[in-house]
Every structure is written in structure tokens, then in C-alpha cells.
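Enquirer: With positions in the sequence shown counted from 1, the corresponding number in my numbering is that position plus 168. For each residue, glycine too, the CB sits at the ideal point set by N, CA and C. Once you've had a glance at the structure underneath, I'll fire off some questions.
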Amino acid sequence: MSLSVNFSTNSKDLTAAHQAVVSDSDDTNWLIYGYEKGTNDLKVQDTGDGGLEELYDEFSDGKVQFALARVIDPNSQLPKLVFIGWCGSGVPETRKGFFNSHLSEVSKFFKSFHVQINARNEADVEPELIMKRVSESSGANYSVHKESQRAQPAVTPVNSVYKRTEVPDIAAMQRESMKRDGPPPPVGTTYKPVQTAPKPLASRWGSATTNQDTGAAAVRAERERAEKEARDREEQAARDRDVKERQRAVEQEQQYKQQQAQRDAEESAQREAEELQRQRQQQQADEERRRQQAAAAAEEEEREREQEHQRQQQQQAEEQERQRQQAAAEEQERQRQQQQQQQQQAAAAAAAAAAEEEERQRQQQQAAAEEQEYQRKLQEEQARQQEAERLQREEQERQASEVVTAHSSAHAAGSNVLSAVVLFGYDAGESNEMTLLEGEVVTEIDQVDDGWWFGVSEDGKKQGLFPANYVQLLEHEQEQQHAIPTPPPAPAAAAAAPAPAPATHHTPAAAPAAPVEDLGQTAIGLYDYEAGEGNEISFRENDRITHIEFVSEDWWQGAGPDGKSFGLFPANYVELQH
């Protein structure tokens with residue numbers, strides 16, 4: 169067994185208890201360590217939050233214990249750590265011999281504390297005594313936290329020659345502080361007029377000279393000087409008293425520390441002498457015990473050696489017979505296993521060949537079925553794409569034909585040709601749209617929809633669709649429109665147009681709607697849908713889908729809201745319009 173303290177066995181518990189005590193956020197304010205029975209393994213005997221009164225009951229006369237407590241310093245009101253090394257009067261002498269070395273090791277484990285107490289009986293661990301030691305260790309018995317802020321005296325240079333500090337006479341200092349410098353000067357009872365000198369004449373250039381102070385100013389200055397000197401003397405006396413009190417407190421603290429250090433040194437020297445004597449006695453007893461144990465061990469070893477020799481001879485004979493029998497049994501077992509293994513290998517080879525052939529045939533059948541299914545799906549997909557492309561081409565051709573027909577009809581009307589001036593510039597977003605420049609004139613306007621018109625530029629170089637609220641009809645066209653009754657409004661345009669800029673001063677006149685177009689079966693989008701395949705269409709909530717064909721119960725086919733796309737869409741994403 170090692171003679172030093174073992175912290176590793178219960179290191180987690182020891183560290184956790186120590187951290188709980190030193191932490192201000194934990195309620196635990198004391199711990200006590202003890203030894204595992206018969207070893208030097210340190211363990212946590214107990215912890216608590218009841219303070220020194222609760223810790224007092226944990227010390228035992230027959231044990232060596234180490235305690236750490238967190239208390240509040242009565243002077244500074246700050247937490248302080250107290251380390252207590254306990255060696256009870258009933259501890260065996262052999263255990264007492266290791267107390268000093270173990271105390272040093274445990275103090276290193278705690279790392280830092282403010283007060284250390286070496287205790288041997290209950291009187292050394294009284295809570296009042298411990299708090300007194302804590303109070304004395306913190307210095308003078310006054311707290312800077314409770315003093316009001318005041319001006320500090322000026323720092324004076326320190327003499328280079330040591331001067332012995334005399335013990336101050338407190339009573340004499342108190343009597344001296346009660347004395348006064350003397351009675352104040354008497355005040356006259358009769359009034360004495362003060363002659364004032366005439367004021368100096370001011371120069372015409374703004375300057376004046378003064379040769380003497382007035383009498384009143386001189387009297388006032390003298391009175392203020394006397395008052396200032398009195399205040400200075402009182403302040404200096406107060407500073408001197410404060411400095412002396414602080415010096416006296418420091419000297420008392422130093423004297424106490426010197427006396428305490430001397431007492432600790434004497435106690436330590438006495439304990440070391442006693443410990444050295446005990447160690448010598450223990451060493452002699454240990455040497456005698458080891459000598460006797462060595463002699464007994466030698467005799468026992470010789471006797472055991474002889475018995476071991478006889479036992480080995482008998483075991484050797486038994487082992488030889490056992491090996492012979494085992495070799496014969498192993499040979500029989502080997503032959504039997506060899507025959508069984510040959511039979512199993514033959515059966516396994518036949519089963520493996522049959523399974524391999526069966527798996528090969530299954531894989532061939534599966535590959536053929538997968539190829540057929542792939543070809544079928546590929547053909548269906550190609551047919552569906554071709555049909556969708558055909559329908560899309562037909563729809564585009566139909567729309568282009570309708571636009572050309574409408575334009576031709578409007579142009580042939582002759583007297584009903586409309587012209588407008590561009591209010592805002594517009595960049596064409598589609599191939600069938602026309603770019604507008606602010607201020608230019610657009611002629612041959614065909615109001616194909618409420619929001620989109622068709623027209624030709626004045627120079628005839630460009631034509632196409634444009635937003636109606638980007639232009640303003642010329643006045644004679646507006647007058648003609650007022651004379652023509654307005655037909656019912658047409659459905660929303662198929663092409664999705666970008667939002668126009670807001671008009672500030674001009675509002676475009678309403679244009680007559682185009683004839684109602686046959687859009688077939690129509691539906692309104694209930695939810696947003698993004699196409700997942702090339703043969704599908706995308707739309708948003710409230711978009712209109714036209715020319716619907718019911719290809720199946722779940723999937724329909726129709727023209728998208730942009731008027732250009734044609735494809736499949738889920739039926740449950742729209743609401744059919746009747």
C-alpha cells in the first residue's frame with residue numbers, strides 16, 4: 169500500500185464536492201473527506217449547506233479528516249474558504265505519523281484557501297473560534313465598503329532611514345484631539361466707520377489704475393484668511409488622526425501575524441519532533457516485523473517447494489496417461505468428421521448447382537419482362553408527346569390565324585381605323601408583341617382585348633400586341649367610340665402580360681371588346697401547379713385553362729393561361745366552368 173494519499177480512486181466525487189463548495193452559485197458550503205477503510209484512498213465523507221454548525225458534528229475522535237468550508241467574512245462581507253485538518257485524539261499512532269504529509273498533499277489538492285486550522289479536539293473547531301480566525305486574518309476590523317468617500321491626503325515621500333515606530337498612547341491622542349487651538353478673537357461692540365478711497369478716474373482710452381485696496385476688502389480678506397487657516401488646521405488634524413489610526417491598525421495586524429507565525433512555527437517544530445520520534449519507533453517495529461516475517465516466509469517457501477515437487481511428479485504421470493487417451497479419441501473423432509465433411513461437401517455442391525441454375529433462369533425472365541415494360545412505356549410516352557406537340561401546333565396556328573383575321577377585318581373597316589399616342593415606353597416581352605417608344609403614334613389599332621390591343625407603328629416597320637393603358641387614343645377616335653355602343657366585355661386574354669407602369673395624368677379610354685371567342689370547355693385554377701414533365705402545363709391559382717379535353721378521370725388536357733402551351737394537368741387542381 170502506498171504511503172501517500174490516493175486521489176485517483178474517487179477523483180470525480182472529490183473534484184465535484186470541491187467545485188460545489190468554492191462556487192458561489194451552489195448552496196453547498198462545506199465538505200469533509202475521509203479514508204476508505206484500511207487504505208489511503210481519500211473519499212467524500214459528507215457535504216452540506218448548514219455552515220460551520222453542521223460541519224462541527226462531523227468530526228470524529230478516531231479518524232483523520234480534512235474539511236473545507238465557505239464562510240462570509242464579517243469585515244468585508246466577502247466569501248472566505250477555511251481548510252481544517254483534523255487528527256483526533258483516538259487515531260492510532262501509525263496513522264498519526266502520516267498526518268503531516270497527508271495534510272500537505274490535501275492542501276495542494278484544494279489549491280487555494282484563506283485560513284488553515286489544524287485541529288485535534290472539538291474546541292479547535294468551534295464555529296465562534298473559526299469565525300474569529302477568519303475575522304483576524306482579514307486585517308483591521310473596519311470595512312472600506314461602509315465608509316463614505318472623502319478626499320485622500322497627499323502622499324508624502326518616505327524617509328530613507330528606518331525609524332522605530334513607538335507604540336501610540338491612545339488615551340493621550342484622544343485627549344489631544346479634544347483640545348482647541350484657543351478662543352476666537354473678541355468682536356468689537358462699537359461700529360468703526362471705514363474710510364473708502366475715491367475710485368480712480370478712467371482714462372478716455374478705456375484703462376484705469378488702482379493704487380490701493382479698499383478698507384472693507386482688506387477686512388474681508390483677513391477674515392477669509394483666518395477662516396481658511398482654521399479649516400486647514402482642522403482638516404490636517406483629521407488627516408493626522410486618520411493616518412495614525414491606519415498605522416496603528418497595520419502595526420497591530422503585523423504584530424498579530426508575527427505572533428501567530430511564531431506560534432505556528434513552534435507548534436510545527438514540536439509536531440515535527442514528535443513525528444520524527446514516532447517514525448523512528450515505527451521503523452524499528454517494522455524492521456523487526458519484516459525480519460520475523462521473512463524467516464517464516466523462508467520456512468514456508470521451502471515446505472511448499474517440496475510439496476510442489478511431489479505434486480508435479482504425480483501430475484506429470486497423470487498428464488501423460490491423459491494425453492495418450494486423448495490422442496486415441498482425437499484420431500477417432502478426426503476420421504468421423506472427415507467422412508461427415510465429405511458427405512456434406514457433396515450435398516452442398518449439388519444444392520449450390522441447382523440454386524445457381526434456378527437463379528440464372530429467374531434473372532433472365534426478369535430482365536426480359538423489364539425490357540418489355542420499358543419498351544411499352546417508351547412507346548406510350550412517345551405517342552403522348554407527339555399528340556401534345558400536334559395539339560400545341562394546331563393551337564398556335566389557330567391563334568395566329570385569329571390574330572391575322574382580326575387585324576385584316578379592322579384594317580378593312582376604313583373609317584373605323586384608330587390611332588393613339590404612346591404615353592409610356594414598353595419593351596416587347598414576346599415575339600408577337602411590339603416595342604413602344606414614348607411619344608410615337610400607333611395606327612390601325614385593333615382592340616382585341618380589354619387590356620391588350622394590336623397596332624402598327626406610324627412608319628409601318630413594326631406591328632404587334634401592346635398594353636392598352638400605355639397609350640391614349642387620339643381625340644377624333646375617342647369621339648367615334650362614344651358614338652358606338654360598347655358590347656359586353658370579353659373573357660380575359662390568353663397571354664399573360666407584365667404589369668404596366670401606373671398612369672399619372674392620363675387615363676386611356678375604354679375600347680370596344682373583340683367578339684366572344686369560342687374557348688371550348690374552360691376551368692379556373694384552384695391551386696398553383698408546376699409542370700413535372702415536358703407534356704404538362706403550369707398555371708397559378710385563378711388562371712383560366714381553355715379547350716379542355718377529358719383524356720382520363722384524373723388527368724385532363726388543355727391550353728395554358730399564356731395561350732401558347734398545350735398539355736396535361738391534374739383534374740383536381742381546377743374547377744370546371746359551365
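With distance defined between alpha-carbon atoms, name the residue in GLY607, VAL610, VAL590, LYS630 nearest to SER599.
Expert: For the purposes of this step, residue 599 is identified with residue 431 of the sequence shown, where counting begins at 1. The shortest C-alpha separation from SER599 is found at LYS630.
Enquirer: Which class does GLN428 belong to by DSSP, given the choice of helix, strand or coil?
Expert: The count along the sequence shown starts at 1 and reaches residue 428 at position 260. If DSSP states are grouped into helix, strand and coil, GLN428 belongs with the helices.
Enquirer: How would you label GLY253, buried or exposed, when you count the other beta carbons within 10 angstroms and need 16 or more for buried?
Expert: Counting from 1 along the sequence shown, the entry for residue 253 is found at position 85. Under this definition GLY253 is a buried residue.
Enquirer: Identify the continuous beta strand (DSSP E) that holds ALA588 and give its terminal residues.
Expert: On the sequence shown, residue 588 is found 420 positions in, with the first residue counted as 1. Looking at the DSSP string, the run of the beta strand (DSSP E) that includes ALA588 is 586 to 590.
Enquirer: Please report the distance separating the alpha-carbon of ASP730 from that of PHE707.
Expert: Stepping through the sequence shown from its first residue, residue 730 is reached at position 562. Stepping through the sequence shown from its first residue, residue 707 is reached at position 539. Their backbone Cα atoms lie some 9 Å apart in a straight line.
Enquirer: Report buried or exposed for ALA466, applying the criterion of at least 16 other Cβ atoms within 10 angstroms of its Cβ.
Expert: Taking the sequence shown and counting its residues from 1, one reaches residue 466 at position 298. Exposed: under 16 other Cβ atoms inside 10 Å.
Enquirer: Can you name the start and end residues of the alpha helix (DSSP H) that ILE298 belongs to?
Expert: Numbered from its first residue, the sequence shown carries residue 298 at position 130. That run of the alpha helix (DSSP H) goes 295 to 305.
Enquirer: Can you find the residues in the same chain that come closer than 8 Å, C-beta to C-beta, to GLU468, ignoring five residues on each side of it along the sequence?
Expert: Here residue 468 corresponds to residue number 300 of the sequence shown, with the count starting at 1. Here the set comprises nothing.
Enquirer: When every heavy atom of the ligand SAH is checked, does at least one fall within less than 7 Å of the C-beta of GLN452?
Expert: Looking at this structure, you won't find the ligand SAH or any other ligand, since it has none at all.
Enquirer: Quick test of your reading: ILE159 and ALA691, contact by CB under 8 Å. State the CB separation rounded to the nearest angstrom.
Expert: Residue 159 lies beyond the residue range present for the chain, which begins at 169 and ends at 746; the question has no answer from this structure.
Enquirer: Determine the closest residue to LEU641 out of GLN543, GLY632, TRP621, with distance taken between C-alpha atoms.
Expert: Locating residue 641 in the sequence shown gives position 473, counting from the first residue. Selected option, being the one with the closest Cα: TRP621.
Enquirer: Hey, out of ASN208, ALA237, THR207, whose CA is closest to ASP214's CA?
Expert: On the sequence shown, residue 214 is found 46 positions in, with the first residue counted as 1. The residue with the shortest Cα to Cα distance from ASP214 is ALA237.
Enquirer: Please report the straight-line C-alpha distance between GLY632 and ASN710, rounded to a whole angstrom.
Expert: Here residue 632 is taken as the residue at index 464 of the sequence shown, counted from 1. Here residue 710 is taken as the residue at index 542 of the sequence shown, counted from 1. Those two C-alpha atoms are separated by around 27 Å.
Enquirer: For TYR201, count neighbouring Cβ atoms within 10 angstroms of its own Cβ and tell me buried if that reaches 16, exposed if not.
Expert: By 1-based counting over the sequence shown, the position of residue 201 is 33. TYR201 is buried by the Cβ-count criterion.
Enquirer: Keeping to the same chain, check which residues put their C-beta closer than 6 Å to that of LEU297; ignore five residues upstream and five downstream.
Expert: The residue you call residue 297 lines up with position 129 of the sequence shown. Excluding residues within five positions, none has a Cβ falling inside 6 Å.
Enquirer: Along the chain, where does the beta strand (DSSP E) containing GLN187 start, and where does it finish?
Expert: For the purposes of this step, residue 187 is taken as residue 19 along the sequence shown, with counting starting at 1. Where GLN187 is concerned, there is no enclosing beta strand (DSSP E), although the alpha helix (DSSP H) it sits in stretches over 179 to 190.
Enquirer: Are the CB atoms of ALA588 and VAL755 within a distance shorter than 8 Å?
Expert: The question about residue 755 has no answer here: the residues shown for the chain are numbered 169 through 746.
Enquirer: Considering Cα atoms alone, identify which of VAL293, VAL189, GLN428 is closest to SER305.
Expert: On the sequence shown, position 137 is the one that residue 305 refers to. If we check each option's Cα against that of SER305, GLN428 comes out closest.
Enquirer: Who pairs with ASP400 in a beta bridge, going by DSSP?
Expert: Here residue 400 corresponds to residue number 232 of the sequence shown, with the count starting at 1. ASP400 pairs with nothing; no bridge assigned.
Enquirer: Anyone know if the C-beta pair for PRO295 and GLU221 falls short of 8 Å?
Expert: Walking along the sequence shown from the start, residue 295 turns up at place 127. Walking along the sequence shown from the start, residue 221 turns up at place 53. A contact, by the Cβ cut-off of 8 Å.
Enquirer: With DSSP run on the structure shown, which of helix, strand or coil describes THR611?
Expert: Taking the sequence shown and counting its residues from 1, one reaches residue 611 at position 443. Reduced to three states, the DSSP call for THR611 is strand.
Enquirer: Does the Cβ-Cβ distance between VAL189 and THR196 come in under 8 Å?
Expert: Looking up residue 189 in the sequence shown gives position 21. Looking up residue 196 in the sequence shown gives position 28. In contact: VAL189 and THR196 (Cβ atoms closer than 8 Å).
Enquirer: Are ASP194 and PRO247 close, meaning C-beta to C-beta below 8 Å?
Expert: What you label residue 194 is simply residue 26 of the sequence shown in a count that begins at 1. What you label residue 247 is simply residue 79 of the sequence shown in a count that begins at 1. Not closer than 8 Å, so no.
Enquirer: According to DSSP, simplified to helix, strand and coil, what is GLY374?
Expert: Counting from 1 along the sequence shown, the entry for residue 374 is found at position 206. The predicted model places GLY374 with a pLDDT of 47, which falls under 50 and marks its position as unreliable, so this point remains unresolved.
Enquirer: The alpha helix (DSSP H) with TYR201 in it runs from where to where?
Expert: The residue given as residue 201 occupies position 33 in the sequence shown. Note, TYR201: premise wrong, no alpha helix (DSSP H); beta strand (DSSP E) at 198 to 203.
Enquirer: Tell me the DSSP secondary structure of ASP217 in three-state form.
Expert: Position 49 of the sequence shown, counted from the start, is the residue given in the question as residue 217. Correct three-state label for ASP217: coil.
Enquirer: Hey, how far is the Cα of GLY128 from the Cα of GLN550?
Expert: In the structure as shown, the chain starts at 169 and stops at 746, and residue 128 therefore has no counterpart that could be examined.
Enquirer: What's the call for PHE634, buried or exposed, on a 16-neighbour Cβ count within 10 Å?
Expert: Here the question's residue 634 lines up with position 466 in the sequence shown. It is buried - the Cβ of PHE634 has at least 16 other Cβ atoms within 10 Å.
Enquirer: Around the C-beta of VAL173, are 16 or more other C-beta atoms found within 10 angstroms, so that it is buried, or is it exposed?
Expert: The residue you call residue 173 lines up with position 5 of the sequence shown. Result: buried.
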